[in-house]
Amino acid sequence: MAGVLLPGCEKKTAGPTEKVAEIKTGTDDGCVSALTHFLPDAAYGFVISGFDRASVGVALSGGGDSLTGRALYRFDISDWNDGTITFHCRCISRTGAPDSIEVYVIDDFGSLPASPGSDPQDVSATWNLLNTGVKVGEISPIAGNWFEISIPNAVVQEKKTGEGYLAIMLKLSNEEIGADNAYDLSTYEYAESRHENKPYLAWNE
């Protein structure tokens with residue numbers, strides 16, 4: 002279940018039989034960040050969207066608190082009928098020496114809040130979606146490059162919602178690592194501001 006690294010910052014042009022579903026809006030991607038010292042017993046922190054990157058790993062907040070982040074993406078795959086889907090995303094940067102990223106297909110989390118608020122909240126409903134998720138791959142992305150992960154047909158069939166959405170969560174394989182060890186991944190806002198391709202899913206018709 003290893004992922005594939007792709008050099009460069011642009012995706013390839015879709016072939017004549019390939020369908021592509023990009024992130025549609027800024028509230029369809031982001032991250033859930035939990036205060037590390039409460040984990041694993043409780044998840045208090047923030048569900049964040051509207052930023053130009055999604056953090057995977059452990060970082061320090063402006064107030065000096067350690068936060069463990071997991072990236073979130075959801076895609077409208079209403080046009081999908083059958084077959085393997087490939088998740089494509091760009092690694093913007095890497096800080097420290099984080100371990101590999103694990104990729105899970107999870108139950109849909111719905112649209113993320115446009116504003117996370119200033120005080121930590123109980124984010125366990127989002128954080129714990131991992132518990133019923135299906136691991137589909139693991140990768141150590143390179144800063145500046147795209148990577149891709151294949152999602153088997155059976156997993157898509159299981160997790161696709163009635164409204165046609167498929168949701169993905171990415172986490173560090175070792176979340177007990179110290180602070181300042183993280184990856185930043187691209188988001189809708191990152192791509193829009195730089196006129197680049199958004200994170201996307203692709204499959205053959």
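Note that the working numbering numbers the sequence shown so that position 78 is 79, with each residue one more than the last.
Even glycine gets a Cβ: it sits at the ideal position worked out from N, Cα and C.
Nothing here was measured: the structure is a model prediction, and the numbers come from that model.
Around the beta-carbon of H89, 16 or more other beta-carbon atoms lie within 10 Å, marking it buried. Following the DSSP letters along the chain, one finds T28 in no alpha helix (DSSP H), marked with neither H nor E. Counting along the chain, S125 sits inside the alpha helix (DSSP H) bounded by residues 125-128. Using a Cβ distance threshold of 7 Å, L131 and Y105 count as a contacting pair. Judged by DSSP in its simplified three-state form, E23 adopts strand. If the five residues before and after A180 are omitted, its C-beta is found closer than 6 Å to the C-beta atoms of V59, L61, S67, all from its own chain and listed in chain order. By alpha-carbon distance to T162, the top candidate from G27, I107, A126 is I107. With respect to A203, E23 sits apart: the two C-beta atoms are not nearer than 7 Å. Residue state for N205 is assigned as strand, using DSSP reduced to three classes. By the criterion of a C-beta distance shorter than 8 Å, S101 is surrounded in its chain by E139, I140, S141, L173, S174, once the five residues flanking it on both sides are discounted. Boundaries for E164: no beta strand (DSSP E) harbours it, and the DSSP string shows neither H nor E there.
A buried status is given to R75, since no fewer than 16 other beta-carbon atoms sit within 10 Å of its beta-carbon. Take the alpha-carbon of V124 and the one of N205: they are about 36 Å apart. Runs of beta strand (DSSP E) with 3 or more residues, each lying fully within the region 82-128, are found at 86-96, 102-107, listed in chain order. Contact check for Y184 against V57 passes: the beta carbons are separated by less than 7 Å. When secondary structure is reduced to three states using DSSP, N154 falls in the helix class. In this structure, G27 lies near G51, with their beta-carbon atoms less than 7 Å apart. Distance from the Cα of A43 is smallest, within the candidate group T69, Y189, G134, for T69.
For A183, the enclosing beta strand (DSSP E) begins and ends at 182-186. Comparing C-alpha distances from N154 to each of G31, C32, W81, R54 shows the shortest one belongs to W81.
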